[in-house]
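Here the structure comes first, spelled out in structure tokens, and everything after it is commentary.
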Ligand SMILES: *Cc1c(COP(=O)(O)O)cnc(C)c1O
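In this note's numbering, the protein residues as written are 5 to 377.
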């Protein structure tokens, strides 16, 4: 397939350079959006058509749009980083493209070709390049590709029309004051996903289902929720938007970095996959296996479990200090971020900033360095 041709319509009233600088000085997460967005339509029969970069703005939807009733929606999340030479790069965007197609398959939606996904990111970044923060830190431009069912009608079947879009939002460093641990609620009543369900698809519906348990966790002072498997309520699945890693240290000091294997309900995080590789590169023993809730609580209590962390694109790695549950709470190690957690976080973020070698070819240049005059 030849490179898709995008039509670009410039925003006639973009943010002023002063306004943009104000936003970039303190972007937070997901609060501000750039001047443009991508739209590509799909209809049964005609396929993907009319790829565009247009001014950022509201979508107009008929109240009977299928999305609003039956929830066919999927998304992705990845970050664009300014590199030291001024170019703009993303981390493993081909993996996001492949996962997006997989999510579409599970939700009976049209699959976006990988080259169109990648082109949509580079086209938007080229037009909104000024919104990508300066190199050197953990600031980035967060990209949110998503797709919705746009056919109008209440018949229950896959939509015959879709809209694919990409919006972009500047993101500050997740830990403004240094990497800090969070408390996590180990949920035993609600589950996130079941075998055969939609847990392996990145769909909005999974997030909707996680909001009630999330607020239960928040009532216990926890920032995130860890779920058990739906069948046995025994095995650790993952958190609402983060995969989980566990560091075990035996009496002889041997370290095992373990993460739940990708059985039927765990979302295959790209950060998870990358950390498995980076850890192996660093000579750490890694295993993908079943880990029970009891192994977590018991290991933390006995001291063989020395570190636990969550991982995902937004925060890369978030250490977990204390795990709380209906029966009490256990602090992991001394409750502070552990050495394996910090070593892995530094290794991966250095690669993303472009300050460490990239032996696996994970960084993709999306916008070349500006020509020097
Ligand atoms: C997106 C997501 C993750 C993290 O995936 P990354 O590719 O590492 O960002 C983990 N769990 C769920 C449920 C997710 O939706």
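We put the beta carbon where it would ideally sit given N, CA and C, even for glycine.
Here the alpha carbon of residue 313 sits roughly 24 angstroms from the alpha carbon of residue 79. Note that the C-beta distance between residue 42 and residue 144 is not below 7 angstroms.
Between residue 354 and residue 327, the alpha-carbon positions lie close to 29 angstroms from each other. Rounded to the nearest whole angstrom, the C-alpha separation of residue 279 and residue 286 is 10 angstroms. Proximity to residue 60 across 76, 53, 12, 154 peaks at 12, based on C-alpha coordinates. At a cut-off of 6 angstroms, the beta-carbon of residue 206 counts as near ligand 1: some heavy atom of the ligand is closer than that. Inside the region 106–164, DSSP marks whole beta strand (DSSP E) runs of 3 or more residues at positions 144–153, from first to last along the chain.
When DSSP reads this structure, residue 168 sits in a beta bridge with 44, 151. Apart from sequence neighbours up to five positions away, the residues of its chain that approach residue 276 with a beta-carbon distance below 7 angstroms are 247, 263, 315, ordered along the chain. Look at residue 368 here: in three-state DSSP terms it is strand.
Of all C-beta pairs linking the region 230–237 to the region 186–203, three or more are shorter than 8 angstroms, placing the two stretches in contact. DSSP places residue 93 within a strand segment (E or B) once states are collapsed to three. Beyond the five residues adjoining it in sequence on each side, residue 303 comes within less than 6 angstroms, by CB distance, of 309 in the same chain, given in chain order. For residue 265, the closest alpha carbon among the candidates 244, 259, 254, 290 is that of 290. For residue 246, DSSP records no beta bridge to any residue. In this structure, residue 271 has its beta carbon less than 6 angstroms from a heavy atom of ligand 1. In the three-state scheme derived from DSSP, where H, G and I count as helix and E and B as strand, residue 341 is classed as coil.
With fewer than 16 other Cβ atoms inside 10 Å of its own Cβ, residue 30 counts as exposed. In terms of CA proximity to residue 25, 174 leads the group 81, 86, 174. DSSP, read as helix, strand or coil, puts residue 26 in helix.
Boundaries of the alpha helix (DSSP H) around residue 275: 274–285. For the pair residue 177 and residue 98, the Cα-to-Cα distance works out to about 24 angstroms. Taking the C-beta atoms as reference points, residue 86 is found nearer than 7 angstroms to residue 136. In summary, residue 182 is exposed, with fewer than 16 beta-carbon neighbours lying within 10 Å of its beta-carbon over all protein chains present. Inclusion of residue 316 in the 6 angstroms shell around ligand 1 follows from its C-beta lying nearer than that to a non-hydrogen atom of the ligand.
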